[in-house]
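For this note's numbering, add 5 to where a residue sits in the sequence shown, where the first one is 1. Glycine residues also receive a C-beta, built at the ideal position from the N, C-alpha and C atoms. Comments concern the structure below.
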Amino acid sequence: MTEGCVFCRIVARESPAEIVYEDEEVLAFKDLYPKAPIHLLIIPKRHIESIAKLEPGDEVVAGHCVRVAQLLAERLGYGERGYRFSSNTGPEGGQVVYHLHFHLTAGRRG
Numbered sequence: 006m007t008e009g010c011v012f013c014r015i016v017a018r019e020s021p022a023e024i025v026y027e028d029e030e031v032l033a034f035k036d037l038y039p040k041a042p043i044h045l046l047i048i049p050k051r052h053i054e055s056i057a058k059l060e061p062g063d064e065v066v067a068g069h070c071v072r073v074a075q076l077l078a079e080r081l082g083y084g085e086r087g088y089r090f091s092s093n094t095g096p097e098g099g100q101v102v103y104h105l106h107f108h109l110t111a112g113r114r115g
C-alpha cells in the first residue's frame, strides 16, 4: 500500500467503496462521481502509479483489468450493446488519482 493513496486505502478496506468485483489481483467498484449510468473503476490491488509507470511484467495485471472490464460489461448487459473503457494518464491526460485505474462506463452514448 502506498500511503496517501485513496485507492490503496479502498483495497485495504480503510476507505469505503461499493465493490462490485474482486479477485487476487484486481478490484472494481462504483465511481463516487459517476459520469454515466454505469461508471465503474477497475484497479490493480498493487499500487502502480499510471500507465506511464508500467514496468516489465505489469502487462499481466493491466491485461487482467481489461478482461475484468469485459466480464463486468457482459454481466451488466452491455457486452454486445457497447461500453467505454479508458484510463487517464498524467496531469495533461486528466489523471486525478495516481493509482492505475480504468473507467468502465455504459448506458449513455459518448
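With a threshold of 16 other beta carbon atoms within 10 Å, Pro-96 falls short and is exposed.
Put simply, the backbone Cα of Arg-113 is about 15 Å away from that of Tyr-38. For a cut-off of 8 Å, the C-beta gap from Ile-47 to Val-73 is around 5 Å, short enough to register as a contact.
Around the Cβ of Ala-78, a 10 Å sphere holds 16 or more other Cβ atoms; the residue is buried. Going by DSSP, Glu-27 is part of the beta strand (DSSP E) stretching over 24 to 27. DSSP places Ala-111 inside the beta strand (DSSP E), whose first and last residues are 107 to 111. By the Cβ neighbour-count rule, Pro-49 is buried, with 16 or more other Cβ atoms within 10 Å of its own. If you check the CB distance, Glu-23 and Phe-34 come in under 7 Å.
Look at Val-102 here: in three-state DSSP terms it is coil, with no helix or strand label. The beta carbon of Ile-15 lies closer than 6 Å to those of Ala-22 in the same chain, with the five residues before and after it left out.
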